[in-house]
């Protein structure tokens, strides 16, 4: 390497390090606010309902599948895949977010999309679990939350380049 090449390289590194090592800007007030824990907290302020108006009604299949459709759209599933998401959720769990299969072929499966615990248990490559590495959940039981389940399923869908994870 010639002296001119060394000088040019040294100058290039010096100039670029000025920009790379610059102090990052301070966070804005919006960035310092805590993020909503659920999608519903981000949409509207919490209001207390009178206890006399609260009623528990079992979720029927059409309601559950509509909820799966709405949540899948909310978490970012592609529009052209939403009907397939509902179809898979119906096939796997009848669209019920608290569905659990303890006797799956490779472990246990959780939630509406029946995400296998393979994705949330420690492994050779992910000591805390694959989903934990991406910040999607902390324990496998978090998959009973419909929003978490839909986000995890979307992550698996992207990782698998499609529906391979749900096919046998």
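Residue numbers (the numbering used here): 1473 to 1640.
Beta carbons: idealized from backbone N, C-alpha and C, even for Gly.
Predicted model only: the values in this text are computed from it and were never measured.
Opposing strand residues paired with residue i [DSSP bridges]
| i | result |
| --- | --- |
| residue 1581 | 1573, 1588 |
Between the CA atoms of residue j and residue i - distance to the nearest angstrom
| i | j | result |
| --- | --- | --- |
| residue 1513 | residue 1478 | Unreliable placement is indicated for residue 1513, whose pLDDT of 49 sits below 50; the coordinate value is still reported in the next sentence. Going by the C-alpha atoms only, they are around 57 Å apart. |
| residue 1585 | residue 1564 | 6 Å |
| residue 1474 | residue 1631 | 47 Å |
| residue 1613 | residue 1538 | 23 Å |
| residue 1568 | residue 1561 | 8 Å |
| residue 1573 | residue 1558 | 19 Å |
| residue 1620 | residue 1597 | 22 Å |
| residue 1600 | residue 1476 | 50 Å |
| residue 1504 | residue 1498 | 10 Å |
| residue 1591 | residue 1500 | 35 Å |
| residue 1542 | residue 1536 | 10 Å |
| residue 1639 | residue 1629 | 11 Å |
| residue 1570 | residue 1485 | 55 Å |
| residue 1579 | residue 1608 | 20 Å |
| residue 1636 | residue 1576 | 16 Å |
| residue 1482 | residue 1502 | 40 Å |
Host alpha helix (DSSP H) of residue i (start-end)
| i | result |
| --- | --- |
| residue 1557 | 1554 to 1565 |
| residue 1626 | 1618 to 1631 |
| residue 1605 | 1602 to 1605 |
Beta-carbon proximity of residue i to residue j, cut-off 8 Å
| i | j | result |
| --- | --- | --- |
| residue 1603 | residue 1547 | no |
| residue 1615 | residue 1624 | yes |
| residue 1595 | residue 1587 | no |
| residue 1633 | residue 1606 | no |
| residue 1545 | residue 1554 | yes |
Residue i at chain B interface by Cβ criterion, 8 Å
| i | result |
| --- | --- |
| residue 1542 | Structure shown: chain B not included; a single protein chain is present. |
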